[in-house]
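To convert, note that position 2 of the sequence shown is 17 in the numbering used here; the numbers rise steadily by one, no gaps. Glycine included, each C-beta is placed from N, C-alpha and C at the ideal position.
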Amino acid sequence: MSELKDAGIMIRLAFQALIKTGVDIPALFSKLGIDESYLQTVHLRTPHAAQPLFWGVLEDQTADPDIGLHLGQHLPVFKGQVIEYLFLSSPTFGDGLRRALSYQRLISDAADSDLVVESERCFLRVVTASGGAKKIRHFNECFAQGMIAFFKSITDNAFVPKYFEFDHEEPENVDEVKRVFGCEVMFGCTENRLYFDTAMLEHRSPHAEPELLVLHEQFASDQVARIEKEDVVVQVNKIIAELLDSGDVTLETVADRLAIKPRSLRTKLTDIDNNFNQILADFRYKLSRRLLAKTNESIDEIVYLTGFSEPSTFYRAFKRWSGMTPIEYRKSKQ
Numbered sequence: 016m017s018e019l020k021d022a023g024i025m026i027r028l029a030f031q032a033l034i035k036t037g038v039d040i041p042a043l044f045s046k047l048g049i050d051e052s053y054l055q056t057v058h059l060r061t062p063h064a065a066q067p068l069f070w071g072v073l074e075d076q077t078a079d080p081d082i083g084l085h086l087g088q089h090l091p092v093f094k095g096q097v098i099e100y101l102f103l104s105s106p107t108f109g110d111g112l113r114r115a116l117s118y119q120r121l122i123s124d125a126a127d128s129d130l131v132v133e134s135e136r137c138f139l140r141v142v143t144a145s146g147g148a149k150k151i152r153h154f155n156e157c158f159a160q161g162m163i164a165f166f167k168s169i170t171d172n173a174f175v176p177k178y179f180e181f182d183h184e185e186p187e188n189v190d191e192v193k194r195v196f197g198c199e200v201m202f203g204c205t206e207n208r209l210y211f212d213t214a215m216l217e218h219r220s221p222h223a224e225p226e227l228l229v230l231h232e233q234f235a236s237d238q239v240a241r242i243e244k245e246d247v248v249v250q251v252n253k254i255i256a257e258l259l260d261s262g263d264v265t266l267e268t269v270a271d272r273l274a275i276k277p278r279s280l281r282t283k284l285t286d287i288d289n290n291f292n293q294i295l296a297d298f299r300y301k302l303s304r305r306l307l308a309k310t311n312e313s314i315d316e317i318v319y320l321t322g323f324s325e326p327s328t329f330y331r332a333f334k335r336w337s338g339m340t341p342i343e344y345r346k347s348k349q
């Protein structure tokens, strides 16, 4: 994978919580460079590397140094996803947890959590961030609340956290954090860990159903397989970006860079209801919009940067994509 992604459900839940807090959503959308339709994208997966941007913009707009802690209190409970179904249809909480950990990618490509059992207590090593998103206090405290609320929901409030270790530094409002979490909280630790009694692993699910469990596992496997297939789109876009100004961007040249046969690449894209020409067109359209709206590059330079052979071809394509000429689009954004 060339770019880590988070499941769209994460940002959707966050925005539902933001609405409850009274945040100016249109203003936030504008600062993030997205709109409401973006959240409704089918199979939405957002760039994981954008986590620092999201929380930084949110803190600036709300002027709340504890926005992650406060937002977490308004998060809707994670429901209606196959991860929840795996827990409910498994015989015990422990069985459901172990199964869910096998399908972490459905939550985030960066997720790498695991369960460690230590006699009477155990802990869930919570690894949901990577690279620049590590040790973001807002993300840590918001996600942890969502996770605990989810565990309580699927166990009819039987789940009780013993304490939580965070890898970010101790904030000024330690007592408030402890009050919100309802347990002891420690900071500056080597990693994020949620501790609870080992006996909780044997908590029986009243919704356990062997036949449904088989179906849910198959569905989870199919979803992971779909995500893996979509990885090829990310790889194709990366190569298109590298080759675009050369003017030699074809299915054959991209397949060669991927070290696969053109026919194989075409098949991989067909399997996810996509094709090379559409991916190339989408890439050019997004790039041209960004260059027109965010830079003062001349039209001739944009024609070159987007890989078109001549201005007239670029004009026709952009008018077909947007319903406006490049000049009209630039004026509308400026």
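Item	Value
Bounding residues of the beta strand (DSSP E) (the contiguous stretch that carries F179)	178 to 180
Helix, strand or coil at P62 [DSSP, three-state]	strand
Supposed close pair S303, T321 - CB separation, criterion 8 Å	5 Å
Per-residue DSSP class, three states only, for K276	coil
Assigned secondary structure, L90 (DSSP; H/G/I helix, E/B strand, else coil)	coil
Spatially closest choice to I34 from Q233, L90, A235, by CA coordinates	L90
Secondary structure of C157, DSSP reduced to three states	helix
Sub-8 Å separation of I151 and Q96 beta-carbons	no
Inter-residue spacing [alpha-carbon to alpha-carbon] between L130 and F165	17 Å
Spatially closest choice to S123 from D21, E267, K334, P341, by CA coordinates	D21
Reduced DSSP category for S123 - H, G, I as helix; E, B as strand; rest coil	strand
Proximity winner among D271, K244, F211, R241, relative to I254 (alpha-carbon distances)	D271
Cβ pair V249, L295 closer than 8 Å	no
Endpoints, alpha helix (DSSP H) assigned at Y300	291 to 309
Cβ-based burial, L86 [other Cβ within 10 Å; buried from 16]	buried
Which of helix, strand or coil DSSP assigns to L130	strand
CA nearest to the CA of Q160, picked from F93, P186, G111	F93
Local Cβ density within 10 Å of P221, reported as buried at 16 or more and exposed below that	exposed
G147 versus I242: straight-line alpha-carbon distance, rounded	Here the model assigns G147 a pLDDT of 48, short of 50, so the residue's position is not dependable, and the following value carries that caveat. About 23 Å.
Spatial distance of M339 from D315 (CA atoms)	17 Å
Exposed unless 16 or more other CB atoms sit within 10 angstroms - verdict on V141	buried
Nearest-angstrom beta carbon gap, S128 and L116 [assumed within contact, 8 Å]	6 Å
Rounded separation between K149 and T56 - CA only	At K149 the pLDDT is 48, less than 50, meaning the model places this residue with poor confidence; the figure from the coordinates comes in the next sentence. If I take the Cα positions, the gap works out to 27 Å.
DSSP three-state assignment for A148, whether helix, strand or coil	Per-residue confidence for A148 stands at a pLDDT of 48, beneath the threshold of 50, marking its modelled position as unreliable; the derived number appears in the next sentence. Three-state result, A148: helix.
Cβ neighbours of L28 in the same chain (closer than 8 Å, five flanking residues each side left out)	L90, P91, F93, G161
Close-in-space but distant-in-sequence residues of the same chain around I163 (CB under 6 Å, 5 per side omitted)	P176
Limits of the unbroken beta strand (DSSP E) element including F211	208 to 212
Three-way DSSP call (helix, strand, coil) for A22 in this model	strand
8 Å CB neighbourhood of L112 in its chain, flanking five on each side removed	F102, L130, L139, L216
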